[in-house]
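Trainee: My questions will all concern the structure given below.
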Amino acid sequence: ARVSEAKGFMMDGGRVRVGRSRVVGVKAPRRRVARSVGGRTEAVGGLAPLPARGRALPRGRTVVLRGAGRDSGSGGSGSAERTSSDSPSSSSSALKLAALASGAGALETAYLTASKLFSSAVFCPTNGCETILTSKYSEIYGIPVSLFGFLTYAGVSYLSWVAASEGGRRYRDGVLGGATVLASVSAFLGYVLFTQFPGEECAWCLTSVGLSFSTFALALWATAEGDPVKTTLPPVVISPLVVSALVLAFGADGTSLASEEDDFELPYKEPLVTTQSTSEAVLLVKKLNRVGAKMYGAFWCSHCFDQKQEFGKEAMKDFPYVECFPSGWRKGAKEAKACEDAEVRGFPTWVIRGEKIEGDQTLQVLEETADKYLKASDYL
1 ARVSEAKGFM MDGGRVRVGR SRVVGVKAPR RRVARSVGGR TEAVGGLAPL
51 PARGRALPRG RTVVLRGAGR DSGSGGSGSA ERTSSDSPSS SSSALKLAAL
101 ASGAGALETA YLTASKLFSS AVFCPTNGCE TILTSKYSEI YGIPVSLFGF
151 LTYAGVSYLS WVAASEGGRR YRDGVLGGAT VLASVSAFLG YVLFTQFPGE
201 ECAWCLTSVG LSFSTFALAL WATAEGDPVK TTLPPVVISP LVVSALVLAF
251 GADGTSLASE EDDFELPYKE PLVTTQSTSE AVLLVKKLNR VGAKMYGAFW
301 CSHCFDQKQE FGKEAMKDFP YVECFPSGWR KGAKEAKACE DAEVRGFPTW
351 VIRGEKIEGD QTLQVLEETA DKYLKASDYL
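1 is the number of the first residue of the sequence shown in UniProt numbering; add one for each residue after it.
Pasting the structure below:
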């Protein structure tokens, strides 16, 4: 069977309906005799021949096509050819999900960028966030990496929503290209995370990796029904270029070339505690000293500073604090021996009678922990 066009008809299932639109029909492989049955024209034992180009049936008449699948051999059901403007609902759903995933990524990176620019602490349910997000790997030539992520996430979210609403191949290609950039950057930074920060847990970092790869998978799904060459071309071309650019910016081992050229060094400067101590905080410091508790931290750690602020400046006189970088931070600087011996992985870390508690804690938690190891005579 071969495809033929008939002006003035429209395919609907196995019927050709009269209409004004240009339509696509299936031409019979050989001429059949038609007969009139109950006010309609029906083919005898095969396909009803379509009228010649330019002719139209009287309005309201229907031609029933029978046996199209059997006679055509390769025509399947004999239904009309789908026009290129038809968009599968699965692709639209995938694009909307991609818009939501990349939108969530934009919100996340916007929060991280604002925290970086305003030097505010980042909320983190794990202990490695502060160490990683304030390290030299968090920016390229002074620009936060999260800012680049925000711009890319926002662009992909916008294109995904437009593509889902309006269709159009160029929008889908843009979504796939942007999603490829996100996945490539996340793959490289994930490599840096696991090689340069072994054992550290960064919830924000892992969330971004998950969102970027989810967006990439949804973008592939949305474009999978098109030309396979066009579908695979953006990832194949863009991904190596992005990784190469990151290698040039950070170095193959994740070391920032900008940091190397500038010989970056952070001199030691103890932050000033400004809050007033409560009587409970002062008494708690005494308890902590009695059980030999230590808080290990770094002068540039905002969570360490927050912990000190919770105790107050009066309590700092006898506060059991151990600075892990007393000589400042620079490339290759090692932690103080006391911190290495305690196997500190993140800041702050409390060690109370061998019990390790990571992250800043409430005064109540610290007091309950200290009370477990105090003898009755220690309260006198």
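Even glycine gets a Cβ: it sits at the ideal position worked out from N, Cα and C.
1. What did DSSP end up calling Leu374 once you bin it into helix, strand or coil?
2. Rounded to whole angstroms, what is the Cα-Cα separation between Ala183 and Ala219?
3. Quick check: Val285 and Ala333, are their CB atoms within less than 7 Å of each other?
4. Fully enclosed by the segment 263-302, which beta strand (DSSP E) runs are 3 residues long or longer?
5. Given a threshold of 16 other Cβ atoms within 10 Å of its Cβ, counted over all protein chains shown, does Ser120 qualify as buried or as exposed?
6. Going by DSSP, what residues sit across from Tyr321 in a beta bridge?
7. If you follow the beta strand (DSSP E) that Thr362 is in, where does it begin and where does it stop?
8. Which residues mark the beginning and the end of the alpha helix (DSSP H) in which Val185 is found?
9. Val209: buried (16+ other C-beta within 10 angstroms of its C-beta) or exposed?
10. Would Gly155 pass as a contact of Gly178 if the rule is Cβ separation under 7 Å?
11. Pull the bridge partners of Thr349 from the DSSP assignment, please.
12. Less than 7 Å between the C-beta atoms of Glu270 and Arg330, yes or no?
13. The alpha helix (DSSP H) spanning Tyr158 covers which residue range?
14. Rounding to the nearest angstrom, what Cα-Cα distance links Pro144 and Ala110 in this structure?
15. Relative to the C-alpha of Leu112, which residue among Gly103, Phe123, Ser102 is closest?
16. Compare the C-alpha of Asp371 against each of Phe305, Thr278, Ile352 and name the closest.
17. Check the C-beta distance from Tyr153 over to Ser102 and give it rounded, since I have them as a contact under 8 Å.
18. State the beta-bridge partners of Ile132 as determined by DSSP.
19. Rounding to the nearest angstrom, what Cα-Cα distance links Val175 and Tyr158 in this structure?
20. Tell me which residue opens and which closes the alpha helix (DSSP H) that Gly332 is part of.
21. To which residues of the same chain is Glu368 closer than 7 Å at the C-beta, ignoring the five residues directly before and after it?
22. Would you report the Cα separation of Pro198 and Pro348, rounded to the nearest angstrom?
23. What distance in whole Å lies between the Cβ atoms of Ala336 and Pro326, which are believed to be in contact at a cut-off of 8 Å?
24. Compare the beta carbon distance of Val322 and Lys287 with 7 Å and say whether it is the shorter of the two.
25. Where Gln276 and Gly312 are concerned, what is the direct C-alpha to C-alpha distance, given to the nearest angstrom?
26. Distance, Cα to Cα, Gly105 vs Tyr141?
27. How far does the alpha helix (DSSP H) with Ser214 in it reach, from first residue to last?
Mentor: On the basis of the coordinates in this document:
1. coil
2. Their backbone Cα atoms lie some 11 Å apart in a straight line.
3. no
4. 294-297
5. exposed
6. Met295
7. Taken as a continuous stretch (DSSP letters only), Thr362 belongs to no beta strand (DSSP E), as it is neither H nor E.
8. Val185 -> alpha helix (DSSP H) spans 169-196.
9. buried
10. Judged by beta-carbon spacing, Gly178 lies within the 7 Å limit of Gly155, meaning their Cβ atoms are closer than that value.
11. Tyr296, Glu358
12. No. Outside cutoff.
13. 145-166
14. CA-CA distance, Pro144 to Ala110, rounds to 11 Å.
15. Phe123
16. Ile352
17. 5 Å
18. Ile132 pairs with nothing; no bridge assigned.
19. 9 Å
20. Looking at the DSSP string, Gly332 is not in any alpha helix (DSSP H), and its letter there is neither H nor E.
21. none
22. 17 Å
23. With a Cβ gap of about 6 Å, Pro326 and Ala336 count as contacting.
24. no
25. 5 Å
26. 23 Å
27. 203-223
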